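Presented below is the structure to which this report refers.
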Amino acid sequence: STVVAFDLVAGRELWRIDPRQTAGTAALTVRGRHLYGLSRKGGLFVVDIPRRELIHRADVTSVSNGFAALVTNRGVVYGVSDTTLFRFHPRTFAVSVVVPDIDGGWYSGAHITNDEHGRLYTMQGRNLVRITDHARF
Numbered sequence: 216s217t218v219v220a221f222d223l224v225a226g227r228e229l230w231r232i233d234p235r236q237t238a239g240t241a242a243l244t245v246r247g248r249h250l251y252g253l254s255r256k257g258g259l260f261v262v263d264i265p266r267r268e269l270i271h272r273a274d275v276t277s278v279s280n281g282f283a284a285l286v287t288n289r290g291v292v293y294g295v296s297d298t299t300l301f302r303f304h305p306r307t308f309a310v311s312v313v314v315p316d317i318d319g320g321w322y323s324g325a326h327i328t329n330d331e332h333g334r335l336y337t338m339q340g341r342n343l344v345r346i347t348d349h350a351r352f
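With this note's numbering, the residue at position 30 of the sequence shown is 245, and numbering never jumps.
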């Protein structure tokens, strides 16, 4: 589960970090100076990009265990697994449930995206759903 930063223009590795996970990485997203990652066994890790340092790790198997997806939306990192839509607090990295029992009918692992209005899109069962979350931190 090593994370590697690569400069595509220069064609060289910039840095690498071991996020100390027991499984490979399922999803990554960036929020400000932080790189968020989920492992395939429900581990969250956060890397401070400018400092090139692992700053947070947590067990989030209560909401994600297996393949998952992440997206940054309106300054908040959201994730979706096969079972749950969730978000991370921007300062404490605490996880909270947005939609329980989402149970997306994915064939290739969960996916999530957003639009220019901050609405989230994923699957609930076999249906595409739009979610508007007004997280206040």
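We put the CB at the ideal spot given by N, CA and C, even for glycine.
Just so you know, these numbers come straight off a predicted model, no measurement behind them.
**Asked** In chain order, what residues of the same chain have a beta carbon less than 7 Å from the beta carbon of Ala283, not counting five sequence neighbours either side?
**Response** Translated into positions along the sequence shown, residue 283 becomes position 68. Contacts found: Ala241, Ala242, Leu253, Gly294, Val295, Ser296, Ala325.
**Prompt:** How about the stretch 345-352 and the stretch 328-337: do they share at least three Cβ pairs that are nearer than 8 Å?
**Reply:** yes
**Asked** Roughly how many angstroms separate the alpha carbons of Arg246 and Ser216, rounded to a whole number?
**Response** Within the sequence shown, numbered from 1, the residue matching residue 246 stands at position 31. Within the sequence shown, numbered from 1, the residue matching residue 216 stands at position 1. For Arg246 and Ser216, the distance between alpha carbons rounds to 20 Å.
**Prompt:** Out of curiosity, what's the CA-to-CA distance linking Gln236 and Gly257?
**Reply:** Your numbering for residue 236 matches position 21 in the sequence shown. Your numbering for residue 257 matches position 42 in the sequence shown. If you take the alpha carbons of Gln236 and Gly257, they lie about 9 Å apart.
**Thr287 (DSSP reduced to helix, strand or coil)** = The sequence position of residue 287 within the sequence shown is 72, counting from 1. Of the three classes helix, strand and coil, the one that applies to Thr287 here is strand, per DSSP.
**Message:** Please report the straight-line C-alpha distance between Asp222 and Val261, rounded to a whole angstrom.
**Reply:** Your numbering for residue 222 matches position 7 in the sequence shown. Your numbering for residue 261 matches position 46 in the sequence shown. Taking the straight line from one Cα to the other gives about 20 Å.
**Prompt:** Secondary structure at Trp230, three-state DSSP: helix, strand or coil?
**Reply:** On the sequence shown, residue 230 is found 15 positions in, with the first residue counted as 1. Note: Trp230 maps to strand in three-state DSSP.
**Request:** Determine the DSSP secondary structure at Asn280, reduced to helix, strand or coil.
**Result:** The residue you call residue 280 lines up with position 65 of the sequence shown. If DSSP states are grouped into helix, strand and coil, Asn280 belongs with coil.
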